[in-house]
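Peer 1:
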Amino acid sequence: MAKQEPSWRADVFKAPKRGHSLPEFEDAAAFDLDRLAFAVADGASESSFARDWAERIVADFAHNAGENLLDWLRGELPLVQAEWRAATDALSLPWYAELKREQGAFATLLGMAASPAGKWRALAIGDSCLFQVRECALVKCFPLERAEDFNSDPWLLGSRRPVSDPWASKAVRLVEGEFVRGDRFWLVTDAVAAWLLRRCKRDSDWQVKLPFEPTDQGFSAWVDQEREAGDLRNDDCTWMEIEAN
Amino acid sequence: MAYSAEISRTNPTCFLFLIDQSLSMEEPFGGESGNKKKADGVADAINRLLQTLVLRCAKSEGVRDYFHVGVVGYGSRVGPAFGGPLAGVRLAPISEIANKPLRLEQRVRKVDDGAGGLVDQTIKFPVWFDAVSDGSTPMCEALKLGKAIVGEFIQRTPSCFPPLVVNITDGEANDGNPERPAGELRDLHSSDGPVLLFNVHLSSIRSQPIEFPDVEKDLPDDYARMLFRMSSPLPSRMSEAASKDGLRVTANSHGFVFNADLVSVIRFLDIGTRVDAKNLR
Chain H
268 MAKQEPSWRA
278 DVFKAPKRGH
288 SLPEFEDAAA
298 FDLDRLAFAV
308 ADGASESSFA
318 RDWAERIVAD
328 FAHNAGENLL
338 DWLRGELPLV
348 QAEWRAATDA
358 LSLPWYAELK
368 REQGAFATLL
378 GMAASPAGKW
388 RALAIGDSCL
398 FQVRECALVK
408 CFPLERAEDF
418 NSDPWLLGSR
428 RPVSDPWASK
438 AVRLVEGEFV
448 RGDRFWLVTD
458 AVAAWLLRRC
468 KRDSDWQVKL
478 PFEPTDQGFS
488 AWVDQEREAG
498 DLRNDDCTWM
508 EIEAN
Chain Y
29 MAYSAEISRT
39 NPTCFLFLID
49 QSLSMEEPFG
59 GESGNKKKAD
69 GVADAINRLL
79 QTLVLRCAKS
89 EGVRDYFHVG
99 VVGYGSRVGP
109 AFGGPLAGVR
119 LAPISEIANK
129 PLRLEQRVRK
139 VDDGAGGLVD
149 QTIKFPVWFD
159 AVSDGSTPMC
169 EALKLGKAIV
179 GEFIQRTPSC
189 FPPLVVNITD
199 GEANDGNPER
209 PAGELRDLHS
219 SDGPVLLFNV
229 HLSSIRSQPI
239 EFPDVEKDLP
249 DDYARMLFRM
259 SSPLPSRMSE
269 AASKDGLRVT
279 ANSHGFVFNA
289 DLVSVIRFLD
299 IGTRVDAKNL
309 R
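Protein chains in written order, with our numbering: chain H, 268 to 512; chain Y, 29 to 309.
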């Protein structure tokens, strides 16, 4: 009997910073279940147009990333940058927004692509992280592995900066692995990633599973509770769960 | 822990600059700053700093009011020093500062042309504050006005990240001993800690600036020692910023620079007002 390919599912949960509304949310997430490409990005708060930039790069990754993720970075990303420039340079803005526009927008990017044959590969710029979970145990975390590794100055993908060396050789991280049916992948932005790494370190016997009811309300309630307890930094939070079943 | 409050639109912080506008500010800086008059150099530094603060708060949809900012001048008179539509305003939210400069100047700068060369680019340079140098040095009165402005701000936002007051002067007060009003200003506090008072002493002589000193007795004269005592210890976050910039700082360093040239004024203002972007909510 022919081996049946897994069916895929992806859900995205998001919660803005406390004191911010959802329209001010600067994370972005996108996926394409036909192409098995998934991405999250964290727009940098200090830049303008960061949400728009983050949304453009995840959408393009999900729709265009292929076998070689570096090909996407070198071939596709310059087109996304050109589209961003065309859209924002046309706007009439006050002096401060003009200066911010010249500086460009910035975001982290974590992109993952899977193949039906059981392989996956991922690309990271900055501190958005991937976790691979098998039967309530952590198999892989990427690109950061310790909560202490997070700082306020992560690598960022810029809307006006060419992706070339020496920057790219320092900023771009690549990884690949294998999965089996039933594996879950979590693609998360930094506040959630730091929470997960601290949780795993604090309790090595922790059954690694979603700590909330998988609904928007469930995620919001969990975020509120963890912020209140001081265990989750007050930042935009995105948690994409992907399952190969 | 003090100096850890989140800075948000509902819990903003405040920066207040007290600028000496006495006649001696007409003299040029010493050190490497060429022949630029101290008054012009300080006005440029403050305008650039205001621009930087606006840009830190500017988002696609507008400017978020993380900061309230004021500039007080002291010379022939003591009072708010903004020009144009903000004239007479003691403390303004940063969005109002962004939208109400005195004028927008056109300045030319060199930028990369993308093909290995440089081209001229005209940029808008906002100006809020013009140089003035006239009269004596009523520093005590300026510190008292600073206390009133910051006190009102703390009453409105009692859990704010403590306000920072930076006093920039080239001479000694001639309306009394400023240590007392400086102490009263530093005694104000929010629930996150005492108000920070930093002092910048400008020099007309060629002399090495003394930045963030940590021992009073090593300073060259009584006036420098008094300004050291008037200055708050540097909170750890600012110590880290100074250290990152290659400056020698210790746990006892104070927010004070003596014999500052223009470069050290700009660096000092940047370190004092640098806020971790992750703390802006």
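Note that beta-carbon positions come from the ideal geometry of N, C-alpha and C, so glycine has one too.
Whole-angstrom Cβ separation of residue 152 (chain Y) and residue 362 (chain H), contact assumed at under 8 Å?
Peer 2: Correct: roughly 4 Å between the Cβ atoms.
Peer 1: Determine, for residue 268 (chain H), whether the minimum Cβ-Cβ distance to residues of chain Y falls below 8 Å.
Peer 2: Legend: pLDDT at residue 268 (chain H) = 47, less than 50; position of this residue unreliable, value from coordinates given subsequently. No, its Cβ sits nowhere closer than 8 Å to a Cβ of chain Y.
Peer 1: Can you check whether the C-beta of residue 292 (chain H) is within less than 8 Å of a C-beta belonging to chain Y?
Peer 2: Chain Y contact via Cβ: absent.
Peer 1: Using a Cβ-Cβ distance under 8 Å, would residue 412 (chain H) count as near chain Y?
Peer 2: No, because no Cβ of chain Y sits closer than 8 Å to the Cβ of residue 412 (chain H).
Peer 1: Identify every run of the alpha helix (DSSP H) within the region 139–206 of chain Y, keeping only runs that are complete inside it and at least 4 residues long; order them along the chain.
Peer 2: Runs found: 167–184.
Peer 1: May I ask you to list the residues that DSSP assigns as paired with residue 282 (chain Y)?
Peer 2: Paired residues: Y:261.
Peer 1: Using the rule of at least 16 other Cβ atoms within 10 Å of the residue's Cβ for burial, across every protein chain shown, is residue 29 (chain Y) buried or exposed?
Peer 2: Residue 29 (chain Y) should be labelled exposed.
Peer 1: Please list, in chain order, all residues of the same chain as residue 299 (chain Y) whose beta carbon is under 7 Å from its beta carbon, the five residues on each side excluded.
Peer 2: The answer, listed in chain order, is 266, 269, 270, 273.
Peer 1: Is the beta carbon of residue 56 (chain Y) within less than 7 Å of some heavy atom of the ligand COA?
Peer 2: Because no ligand of any kind appears in the structure shown, any question about the ligand COA cannot be addressed here.
Peer 1: Who does residue 228 (chain Y) pair with in a DSSP beta bridge?
Peer 2: According to DSSP, residue 228 (chain Y) bridges with Y:196, Y:285.
Peer 1: So, for residue 75 (chain Y): in the same chain, excluding its five sequence neighbours on each side, which residues have a beta-carbon less than 8 Å away from its beta-carbon?
Peer 2: Taken in chain order, the residues that qualify are 153, 154, 155, 156, 157.
Peer 1: How about residue 225 (chain Y) and residue 208 (chain Y): do their beta carbons lie closer than 8 Å?
Peer 2: Contact: no.
Peer 1: At the level of alpha carbons, what is the spacing between residue 429 (chain H) and residue 116 (chain Y)?
Peer 2: In a straight line, the C-alpha of residue 429 (chain H) is about 46 Å away from that of residue 116 (chain Y).
Peer 1: Tell me which residues share the same chain as residue 144 (chain Y) and place their Cβ nearer than 8 Å to its Cβ, disregarding the 5 neighbours each side in the sequence.
Peer 2: Contacts found: none.
Peer 1: Got a sec: which bits of the region 435–459 of chain H sit with their beta carbon under 7 Å from any beta carbon on chain Y, in order along the chain?
Peer 2: Residues: none.
Peer 1: How would you call residue 204 (chain Y), buried or exposed, if buried means at least 16 neighbouring beta carbons within 10 angstroms?
Peer 2: Exposed, since its Cβ has fewer than 16 Cβ neighbours within 10 Å.
Peer 1: What first and last residue would you give for the beta strand (DSSP E) that runs through residue 392 (chain H)?
Peer 2: Taken as a continuous stretch (DSSP letters only), the beta strand (DSSP E) holding residue 392 (chain H) covers 386–392.
Peer 1: For residue 325 (chain Y), which residues of its own chain have a beta-carbon under 7 Å away from its beta-carbon, when the five flanking residues on both sides are left out?
Peer 2: Here chain Y comprises residues numbered 29 to 309, so residue 325 (chain Y) is not present and cannot be evaluated.
Peer 1: Would you identify the three-state DSSP class for residue 492 (chain H), choosing helix, strand or coil?
Peer 2: Correct three-state label for residue 492 (chain H): helix.
Peer 1: Against residue 286 (chain H), what residues of chain Y qualify as contacts under a CB-to-CB distance less than 8 Å, listed in chain order?
Peer 2: Residues of chain Y passing the Cβ test: 36, 37, 38, 309.
Peer 1: Just to make sure I have the definition right: I need the residues of chain Y whose C-beta is within less than 7 Å of the C-beta of residue 364 (chain H). Which are they?
Peer 2: 86, listed in chain order.
Peer 1: Where does residue 98 (chain Y) fall in DSSP's three states?
Peer 2: Strand at residue 98 (chain Y).
Peer 1: Check the Cβ of residue 495 (chain H) against every Cβ in chain Y and list those closer than 7 Å, keeping chain order.
Peer 2: Within 7 Å Cβ-Cβ: nothing; residue 495 (chain H) doesn't reach chain Y, min ~14 Å.
Peer 1: Please classify residue 40 (chain Y) as buried or exposed, where buried requires at least 16 neighbouring CB atoms within 10 angstroms.
Peer 2: Flag for residue 40 (chain Y) reads buried.
Peer 1: Bridge partners for residue 509 (chain H) per DSSP, in chain order?
Peer 2: Bridge partners of residue 509 (chain H): H:277, H:452.
Peer 1: Under 7 Å Cβ-Cβ, which residues of chain Y neighbour residue 316 (chain H)?
Peer 2: Residues of chain Y passing the Cβ test: 88.
Peer 1: Could you tell me whether the region 347–365 of chain H touches the region 300–314 of chain H, using the rule of 3 or more Cβ pairs below 8 Å?
Peer 2: Taking 8 Å as the limit for Cβ pairs, the verdict is that the region 300–314 of chain H does not touch the region 347–365 of chain H.
Peer 1: When the Cα of residue 313 (chain H) is compared with those of H:332, H:297, H:296, H:374, which residue comes out closest?
Peer 2: Looking at the Cα atoms, H:374 is the closest of the given residues.
Peer 1: Residues of chain H with a CB under 8 Å from the CB of residue 82 (chain Y): which are they?
Peer 2: Chain H residues near residue 82 (chain Y): 363.
Peer 1: Restricting to runs no shorter than 4 residues, where is the alpha helix (DSSP H) found entirely within the region 355–441 of chain H?
Peer 2: List check, alpha helix (DSSP H) in window: 362–370, 434–438.
Peer 1: Assuming residue 506 (chain H) and residue 459 (chain H) form a contact by the criterion Cβ under 8 Å, report the distance between their Cβ atoms to the nearest whole angstrom.
Peer 2: The pair is a contact, with the Cβ atoms about 5 Å apart (cut-off 8 Å).
Peer 1: So that I know if they touch, is there some Cβ in chain Y lying closer than 8 Å to that of residue 281 (chain H)?
Peer 2: Not closer than 8 Å to any Cβ of chain Y, the Cβ of residue 281 (chain H) fails to qualify, so no.
Peer 1: Indicate the three-state DSSP secondary structure (helix, strand or coil) for residue 299 (chain H) in the structure shown.
Peer 2: Looking at residue 299 (chain H) - three-state DSSP - the assignment turns out to be strand.
Peer 1: Check whether the region 286–301 of chain Y and the region 229–236 of chain Y are in contact - that is, three or more C-beta pairs closer than 8 Å.
Peer 2: They touch, by the three-pair rule.
Peer 1: Alpha carbon to alpha carbon, how far is residue 268 (chain H) from residue 380 (chain H)?
Peer 2: Confidence at residue 268 (chain H) is low in this model, with a pLDDT of 47, below 50, so the placement of that residue is unreliable and no value is reported for it.
Peer 1: Considering only residues of the same chain and omitting the five flanking positions on each side of residue 360 (chain H), which have a CB-CB separation below 8 Å?
Peer 2: Taken in chain order, the residues that qualify are 368.
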